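Asks: One structure is given below, represented as structure tokens, and several questions about it will come after.
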Amino acid sequence: MVVGIIGAAGYAGSELVRLLARHPRVRSLSLGSVSLAGHIEDVYPNFLGMVSRPLHKPEEVVAASDVVFAALPHGVGEAYAKACLEKGISFIDLSADFRFDDDEETYKAWYGTGFIVPALRKCSVYGLPELNRDRIKTLAAAGSVIIGNPGCYPTAASLAVFPALATGIAAPERTIIVDAASGITGGGRDPQKSFHFPECADSMSPYKVGAHRHTPEISRNVKNMAGLFGRDAPEVIFTPHLAPMNRGILSTSYIPLKKDFHAVSYAAPCSAPRPPSKEVETSMLEIREMYAAFYKDEPFVRVLPAGIQPATGRVRQSNVCDIAVNIDQSGTTLIVVSAIDNMVKGAAGQAVQNMNIVMGFDETEGLDTIPALF
């Protein structure tokens, strides 16, 4: 098939080019840019001699393609989504335009604009496969579909907390705290001043504290996963940090446990562990087994063995999410660390995963890259 990419000259768009150029089901790529002309290898010389494609106007990409990806700023993708539906092809959007289903109020509050074509949400679905795989398949079976590809931080955070919500070990009356750090590519190809090398090299800092637009997306995912199992959802506090690296997200989620699930402390020998609860004791190993069972059929989620913690370098250039389960010294808080490549599982790779689901391909096709450690 012919796959179109609108916004191919951006970071996420170029990552789509890299992945789809070697996808076994893709015969050809039709690349588009809103602001640039020329060829993709003019913008990214790493494609020289390997991927040579001109940059077309977006409407030409839609006309030439069997499925279209858009890696564009928020608030501009609806016209292209509408054109794709009218043509009878699916549209996979990497912006936030279709992440909130029909919740226009939340989208407008955080992104500053409302829906241009609200009716499009009848054909759209939030594209986190580990949450909505069945919904994606159902909509795709009925015809063309719009996928709202998740944000990078929400992907890492949501995958970390889902099993705790599904199994009911998280205390719904307590707040989940998510602390995460991202590589600089998350700021895009034309970043603001704080994302430039002199500002962030050899330095790490929080940003948009208490007011990051991924917070409602994480909270909505927590609510939806808890709701699938008839459970109340905890509140979420999210703080992002900018880390001096090109790509990757390392997320640490602090999940208060229900009293029935307080665990025996696994503190160091020199510390005084809390006595075992008189109620049900759940060890770190048992909770890890819960996580492993929850993700046993997920091709891109690895629940790590005890004693191994995630690292961004071990998921680089892959669609993998690594997860480690820990318990604090008191035995009352589950500490789940997750790592993804923000440009792959956090953007382009997850979009390709969604394409595979929509088109009925094996979910791993074109995404079986082993992480590049160095």
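The sequence shown begins at 1 in the working numbering and counts up one residue at a time.
No residue lacks a Cβ here, since even glycine has one placed at the ideal position from N, Cα and C.
Nothing here was measured: the structure is a model prediction, and the numbers come from that model.
(1) Give me the Cα-Cα distance between M204 and A211, rounded to the nearest whole angstrom.
(2) Could you tell me which residues DSSP pairs with L257 in its beta bridges?
(3) Tell me whether the beta-carbon of Q350 lies closer than 8 Å to the beta-carbon of N326.
(4) Taking the continuous alpha helix (DSSP H) assigned at S52, which residues delimit it?
(5) For V344, which residues does DSSP report across the bridge?
(6) Rounding to the nearest angstrom, what Cα-Cα distance links D341 and I5 in this structure?
(7) Is the separation between the beta-carbon of A164 and that of I237 shorter than 8 Å?
(8) Taking its Cβ as the centre, do 16 or more other Cβ atoms sit within 10 Å of G151, making it buried, or is it exposed?
(9) Name the two residues that bound the continuous alpha helix (DSSP H) containing S14.
(10) Helix, strand or coil for N246 per DSSP?
(11) Could you spell out the range, first to last residue, of the beta strand (DSSP E) harbouring C321?
(12) What does DSSP give as the partner residue(s) for A339 in the beta ladder?
(13) Taking the straight line between their C-alpha atoms, what separation do you get for G186 and S251?
(14) Decide if the stretch 120–127 is in contact with the stretch 94–103; the criterion is three or more beta carbon pairs, one per stretch, under 8 Å apart.
(15) Please report the residue range of the alpha helix (DSSP H) in which I40 lies.
Replies: In brief:
(1) 18 Å
(2) When DSSP reads this structure, L257 sits in a beta bridge with A170.
(3) No, Cβ-Cβ distance for Q350 and N326 is not below 8 Å.
(4) Unbroken run through S52: none, as it is neither H nor E.
(5) Note: V344 sits in no beta bridge, so no partner.
(6) Going from the Cα of D341 to the Cα of I5 covers about 20 Å.
(7) no
(8) By the beta-carbon neighbour count (other beta carbons within 10 angstroms, threshold 16), G151 is buried.
(9) Y11 to L20
(10) coil
(11) C321 to I327
(12) L250 and D322
(13) 14 Å
(14) yes
(15) I40 to V43
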